[in-house]
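I have placed the structure first, in the form of C-alpha cells, so that the comments after it can refer back to it.
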Amino acid sequence: MAENENPAETLAVIVQEDQKTNPKEEDQVTSSEKAVLFQMKHLMLLLTILSFVLSLPVLFSIIWLSYMRQCDCEDLLRLPRLQVAIVVGLVVVFLVSNLVVYLRARFPVPGLLLVMVPLILMLTMGLSLVGAYKMESRTITGSPTWLKVKVDNENYWSNIKSCIYATRTCEDLESRSYMLKTHDFTRSKLSSIESGCCRPPSSCDMEYVNATFWRKEDKVVDDSTLNNANCDLWKNEETILCYNCDACKEGFLKTLQGKWWKLGTFLVVMALLLISSHLLLFVATMWERYGG
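All residue numbers for the sequence shown refer to the numbering used here, where the first residue is 111 and numbers rise by one.
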C-alpha cells in the first residue's frame, strides 16, 4: 500500500527531484557570472588601453625636449640641466607606467605604489614651474620667482645682455626690416626680446629711421612710467641699444617664463590624467580579483 512506503525511498525521490531542478538555477547563476566577467574583461581592456595611450604624450614630450632648441642664453642660468633632468624623469614615468600596466594582475598594490611615486613628483615639479600656490619659491629652479630673481641680478644680467648681443638678434631684426616704412614696422610682429632690447619703448615717441636707429625728439618726457624712465637709456649704438632697459629684462624674462610655464602645465595635466587612469585600473583589478 502507498501508505506503507519506506520513508527513505520517499526522501530519495525528493532529493532526485531537487537535483533535477538545481541545474537550471545553476545555469542561470553561471550565465550571470559569465556576463559580469565579460563586462569586467572589456572594462579592464579599455582601462589598459587608456593607460597606455595616456603614456604616449609623455614619450612624444621626451623626444621633443631632447631635440628642442634651447632659448637663447638660458644656458647662463643652467636651465638646460633642468631640461635634461625632466627628460630623464619622463623616461622613468613612461617605463614605470607601462610596466605597472603589464604586471597589474600579478602585483596590483606594489605596482600602484611604484607608479604613484614618479607621478606625484611629476605633478609637484609641474606645479612649481607654473608657480602654483605656495609651491612657488626662489629656491625652485625654473619657477617664475626663481627666473625673475636671476634676471634681476646684475651679475647674471650683465652676462645675459652680452649673450643677447652675441646672438645677433637685433642685427637680424634690422636686416629683416631694412626696407620697411614706419607704419609697416609698427605693424610687424616682434619677439619679446626684439621688442624689449632692439627698439626703444613705444612711449618714448622717438622717430623711426630703421629697426635699431631711432631719432629722439626735443620734448619733455614724463618719467612717471617705467618705460619712460628707460628712454634716456636708449642709444643708437648696436652694442648698447636698449640692453640696459628694464623692457629688455622683461622681454627676456617673458620668453623664459612662457617656455617653462607651458612645460609645467603639460606636466601637471599628464600627471593628473595618469594618476586617475592608474587608480581606476587598480580598482578594477581588485574588483576582478575579489569579486566586488
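The C-beta atom is built at its ideal place from N, Cα and C for all residues, glycine as well.
As assigned by DSSP and simplified to three states, the class of residue i
{"i": "L213", "result": "coil"}
{"i": "P299", "result": "Checking the displayed sequence, the identity of residue 299 turns out to be Lys instead of Pro. Coil at K299, not helix or strand."}
{"i": "L290", "result": "coil"}
{"i": "V139", "result": "Confidence is the limiting factor: at V139 the pLDDT is only 46, short of 50, which leaves the residue's position unreliable and the question unanswerable from this model."}
{"i": "P311", "result": "coil"}
{"i": "N340", "result": "coil"}
{"i": "G409", "result": "The requested residue 409 is not part of the displayed model; the chain covers only 111 to 402."}
{"i": "M178", "result": "coil"}
The beta strand (DSSP E) enclosing residue i, as first and last residue numbers
{"i": "E317", "result": "E317 to N320"}
Where the alpha helix (DSSP H) through residue i begins and ends
{"i": "W371", "result": "D356 to Y400"}
{"i": "R325", "result": "Unbroken run through R325 is the beta strand (DSSP E), F323 to R325; no alpha helix (DSSP H)."}
{"i": "D185", "result": "No alpha helix (DSSP H) contains D185, which DSSP labels as neither H nor E."}
{"i": "I230", "result": "P218 to V240"}
{"i": "I274", "result": "E264 to A276"}
Any non-hydrogen atom of the ligand HEM closer than 7 angstroms to residue i Cβ
{"i": "C308", "result": "By its list of ligands, the structure shown contains no ligand whatsoever, and the ligand HEM lies outside what it can speak to."}
Other residues of its chain near residue i: CB distance less than 7 angstroms, five sequence neighbours each side excluded
{"i": "C341", "result": "P310, P311, C314 and V331"}
{"i": "P167", "result": "M380"}
{"i": "E317", "result": "W324, R325 and E327"}
{"i": "N208", "result": "F162 and S165"}
{"i": "V201", "result": "I172"}
{"i": "T292", "result": "Y318"}
{"i": "L121", "result": "Here L121 scores only 49 on pLDDT, less than 50, and its place in the model is too uncertain to base an answer on."}
{"i": "E398", "result": "M150 and M154"}
{"i": "L229", "result": "V203, A381, L384 and I385"}
Residue(s) in a DSSP beta bridge with residue i
{"i": "L351", "result": "K345"}
Spatial neighbours of residue i in its chain, beta-carbon cut-off 6 angstroms, leaving aside the 5 residues before and after
{"i": "C358", "result": "G306, C307 and C352"}
{"i": "E360", "result": "G306"}
{"i": "A321", "result": "L283, E284 and S287"}
Close Cβ partners of residue i (< 8 angstroms) along its chain, the five nearest in sequence each way excluded
{"i": "M226", "result": "I385 and H388"}
{"i": "L363", "result": "L257, K258 and V261"}
Spell out a yes or no on whether the stretch 341 to 357 and the stretch 262 to 275 are touching, meaning 3 or more CB-CB pairs, one atom from each, closer than 8 angstroms. yes
Stretch pair the stretch 288 to 304 + the stretch 191 to 204: three plus CB contacts closer than 8 angstroms: no
Do the stretch 381 to 393 and the stretch 161 to 175 make contact, defined as three or more Cβ pairs closer than 8 angstroms? yes
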